[in-house]
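Remarks on the structure that follows.
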Amino acid sequence: AAPTWAHPMGTDNVGRDVFSRVLFGYRVSLGLVVGVLGVAVPFGVVLGLVAGYFGGWIETIVMRFTDIMLALPPLAMALAITAVLSPNLVNAMIAITLLWWTWHTRLIYRIVKAQMNEDYVEAARVAGASHAHILFRELLPNCFSAVAVKISLDAGFVILFGAALSFLGLGVQPPTPDLGTMVATGSEYLPEMWWQAVMPGLAILYAILGFNLLGDGLRDMLHVDL
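Residue numbers (this note's numbering): 76 to 301.
See below:
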């Protein structure tokens, strides 16, 4: 049925409330964001710290591998991974995580290389601080602002990436409500039941817009240059 006061986003082809399913879809999408960034960010940050701090052959190996991963088309790689592992939420999370750490490695590497000649790093070395102390007590705190902004900007793209996989049938599977799956199902009933595809699509748009605005606000407030 079309949108009404009782069902502000209408109901789908089997009578389910679209608004309720969109809210549940947000929960699935946010779970994907937490799962992906909760693994990709620490892994990428540590690699960036190590490569930037130690340099030499460690830097060469880490950054060349990172460059190779960055050169691969992300959506095509995610499609291939989920096709091999079988489509579901966990495998979609794995596929996106395997590709997402590279951006954080490259960001942290650039920051660390710029900080290596700062006085506080030299002072820590002269004081006999260990490598671990310099990495995690001196350099890492100076990366927090950039990481916070990057996470905010990444969250929207992870939601879009997950929705794209679900739209193509390689992400979250029915009957679990997912925004991408809802758009795919609703597109079969266009234009008569337009709300079934348009409402989840707008939900994806607003989520991405919201996280991007959050990231822009943090970037301006923290004076971060990505």
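Cβ atoms here follow ideal geometry from the backbone N, Cα and C, with glycine treated the same way.
About 5 Å separates the CB atoms of T172 and A115; that is less than 8 Å, so the two are in contact.
Rounded to whole angstroms, the separation of the alpha carbons of G237 and D87 is 22 Å.
Leaving aside the five residues that flank W270 on each side, the residues in its chain whose CB is nearer than 7 Å to its CB run, in chain order, A77, P78, M84, G85, V93.
DSSP places L145 in the uninterrupted alpha helix (DSSP H) bounded by 131 to 146. With contacts defined by Cβ atoms closer than 8 Å, V125 and V111 do not form a contacting pair. Three or more pairs of CB atoms, one per stretch, sit closer than 8 Å, so the stretch 93 to 105 contacts the stretch 251 to 263. With 16 or more other CB atoms across the displayed protein chains lying within 10 angstroms of its CB, N166 is buried. In this structure, DSSP gives T177 a helical state, which the three-state scheme calls helix. For S241, the enclosing alpha helix (DSSP H) has its first and last residue at 219 to 242. Here A259 has F242 as same chain residues with Cβ atoms under 6 Å from its own Cβ, once five neighbours each way along the sequence are excluded. Annotated as distal: L245 and I283, with beta-carbon spacing of 8 Å or more. Taking the C-beta atoms as reference points, A146 is found no nearer than 8 Å to T157.
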